[in-house]
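Colleague:
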Amino acid sequence: MHESADSPSAGRDEEQAAGPDGGGARDAREEELDRLRREVRDLRGKLLAHPLISHAQGILQERYLLPDAQTAFELLKRSSQRHNLKLRTLASGVVSVPRPDDERGPWFPSRKGRTPPALRFLPGHRPDKVNRSTVLKRVLHQALACTDAEMGDLQSAEPSAGLRMEHHYGLSQEFRDFFALVDADNTSCSQAARHQERVMADIATDPVFTEPAREMILSVGSRTAHSMPMVAASGRTVGVFSLHLPRRKQALTRPQAAALDGMAAQAGRWLEWHERTVLLDALEDVHRAGTALRATRARRLPD
45 MHESADSPSA
55 GRDEEQAAGP
65 DGGGARDARE
75 EELDRLRREV
85 RDLRGKLLAH
95 PLISHAQGIL
105 QERYLLPDAQ
115 TAFELLKRSS
125 QRHNLKLRTL
135 ASGVVSVPRP
145 DDERGPWFPS
155 RKGRTPPALR
165 FLPGHRPDKV
175 NRSTVLKRVL
185 HQALACTDAE
195 MGDLQSAEPS
205 AGLRMEHHYG
215 LSQEFRDFFA
225 LVDADNTSCS
235 QAARHQERVM
245 ADIATDPVFT
255 EPAREMILSV
265 GSRTAHSMPM
275 VAASGRTVGV
285 FSLHLPRRKQ
295 ALTRPQAAAL
305 DGMAAQAGRW
315 LEWHERTVLL
325 DALEDVHRAG
335 TALRATRARR
345 LPD
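Take any residue in the sequence shown, note its place counting from 1, add 44, and you have its number in this note's numbering.
(1) Roughly how far, in whole angstroms, is the beta-carbon of Leu109 from the beta-carbon of Arg341, given that I think they are within contact range, below 8 Å?
(2) Can you find the residues in the same chain that come closer than 8 Å, C-beta to C-beta, to Leu15, ignoring five residues on each side of it along the sequence?
(3) Determine, using beta carbons only, whether Arg313 and Pro161 come nearer to each other than 8 Å.
(4) Can you tell me whether Gln125 is buried or exposed? The criterion is at least 16 other CB atoms within 10 Å of its CB, across all chains shown.
(5) Let me confirm a value: Gln217 is counted as buried when at least 16 other C-beta atoms fall within 10 Å, else exposed. Which label applies?
(6) Within 10 Å of its beta-carbon, does Arg70 have 16 or more other beta-carbons around it, so buried, or fewer, so exposed?
(7) Provide the residue span of the alpha helix (DSSP H) that contains Phe117, from first to last.
(8) Tell me the DSSP bridge mates of His288?
(9) Using CA coordinates, which residue listed in Ala309, Ala303, Phe219 is at the minimum distance from Gly283?
(10) DSSP on Leu166, reduced to helix/strand/coil?
(11) May I ask you to verify whether the segment 259 to 272 touches the segment 161 to 176, counting CB pairs closer than 8 Å and requiring at least 3?
(12) Using the three-state DSSP reduction, which class does Arg220 fall into: helix, strand or coil?
(13) Determine whether the Cβ of Leu120 lies closer than 8 Å to any Cβ atom of chain B.
(14) Quick one: is Ser123 buried, meaning 16 or more other Cβ sit within 10 Å of its Cβ, or exposed?
(15) In angstroms, rounded to a whole number, what distance separates the CA positions of Leu304 and Thr115?
(16) Go to Ala295, then tell me how far its alpha helix (DSSP H) extends in each direction, as first and last residue.
(17) Taking the alpha helix (DSSP H) that Val138 falls in, what are its first and last residues?
(18) How many Å lie between Pro299 and Thr335 at the Cα?
(19) Tell me the rounded alpha-carbon separation between Ala326 and Pro273.
(20) Please classify Thr231 as buried or exposed, where buried requires at least 16 other C-beta atoms within 10 Å of its C-beta.
(21) Using the rule of at least 16 other Cβ atoms within 10 Å of the residue's Cβ for burial, across every protein chain shown, is Thr366 buried or exposed?
(22) Check Ala277 in the structure and name its three-state DSSP category.
(23) What do you get for Glu74, buried or exposed, if any count of 16 or more other CB atoms within 10 angstroms of its CB means buried?
(24) When the Cα atoms are used, what is the spatial distance from Thr281 to Val275?
(25) Tell me the DSSP secondary structure of Ala72 in three-state form.
(26) Taking just the CA atoms, how far does Arg155 sit from Glu328?
(27) What does the Cβ neighbour count give for Ala257, buried or exposed, with the cut at 16 atoms within 10 Å?
(28) Measuring straight from C-alpha to C-alpha, what distance separates Gly149 and Arg107?
(29) Span of the alpha helix (DSSP H) holding Val243?
(30) Could you tell me the alpha carbon to alpha carbon distance between Ala269 and Phe223, rounded to whole angstroms?
This is how it looks when you write it as structure tokens:
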């Protein structure tokens with residue numbers, strides 16, 4: 045005869061499995077909480093990226109006469125995987141790069157190969173082979189190590205959105221949610237991006253911050269922020285990384301400032317190269333596949 049799951053002896057068995065202090069049950073609860081937190085983070089990320097990807101899907105659907113949004117999504121997905129790009133990055137390119145002049149020919153007919161700039165802060169990696177995410181993570185890691193800062197973040201500049209957080213260290217989930225996308229000129233990072241110069245901000249007193257932004261930054265223990273723009277060779281800001289320090293008016297030393305400025309300049313040049321080579325390769329790939337789908341669909345449609 046089998047015992048029911050809620051019988052007294054079944055309960056005793058569960059207690060014994062958990063151990064005398066209930067450690068097994070607590071471990072199971074912690075694992076479940078971790079799983080739920082990961083799901084929530086994934087959902088937040090998808091919600092932030094969804095409007096941009098949907099916009100790109102609509103553009104591709106119209107351009108290549110695709111039957112539905114799912115077909116457009118598959119075009120983006122295949123190319124992003126082939127070229128090791130985030131789907132959001134590729135979607136941003138579809139939205140922001142001018143459409144092909146000739147819908148039947150290549151998207152970028154006169155494009156020539158470019159030599160990638162050196163990445164001295166990433167020894168042992170070929171600059172034409174390294175992954176974009178690896179470069180950005182290394183920038184933030186090196187900046188933290190250089191200054192002994194325990195908190196920092198890195199944002200990429202998206203023409204259609206603003207500054208989008210890509211990497212972070214030591215910051216709360218609430219902070220990351222609040223500053224996931226910065227589209228106004230009310231933080232030290234937005235000031236650095238706009239003026240293309242390193243910005244030092246006293247969190248408690250600097251008027252650049254809105255009060256909600258100030259309270260959020262103070263809540264993580266940051267009292268001084270240093271924001272460094274990553275500027276491309278063409279003069280365009282392509283991203284910003286920021287360090288958060290625990291004391292008010294905590295300045296950088298000259299060697300620290302020089303090291304961060306040099307790394308920001310290298311990263312800015314490399315990110316522009318990546319946009320003008322790897323991203324355009326991926327867009328050309330989307331265009332070829334989309335053109336082929338349009339031609340196939342045209343042959344199948346009745347006259």
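Backbone N, C-alpha and C define an ideal beta-carbon position, used for all residues, glycine too.
Modeller: The answer reads as follows:
(1) 6 Å
(2) Because the chain in this structure spans residues 45 to 347, residue 15 falls outside the shown range and cannot be described.
(3) yes
(4) exposed
(5) exposed
(6) Looking at its Cβ environment, which holds fewer than 16 other Cβ atoms inside 10 Å, Arg70 is exposed.
(7) 113 to 126
(8) Met195, Ala269
(9) Ala309
(10) Leu166: coil per DSSP, three-state reduction.
(11) In short, these stretches do not touch, since the Cβ pair count stays below three.
(12) helix
(13) No chain B appears in this structure, which consists of one protein chain only.
(14) buried
(15) 43 Å
(16) Where Ala295 is concerned, there is no enclosing alpha helix (DSSP H), given that its DSSP letter is neither H nor E.
(17) 131 to 140
(18) 52 Å
(19) 26 Å
(20) buried
(21) The shown model of the chain, from 45 to 347, leaves out residue 366, and the question about it has no answer.
(22) Reduced to three states, the DSSP call for Ala277 is coil.
(23) exposed
(24) 4 Å
(25) helix
(26) 11 Å
(27) buried
(28) Distance between the alpha carbons of Gly149 and Arg107 is about 13 Å.
(29) Val243 -> not in any alpha helix (DSSP H); beta strand (DSSP E) instead, spanning 243 to 246.
(30) 14 Å
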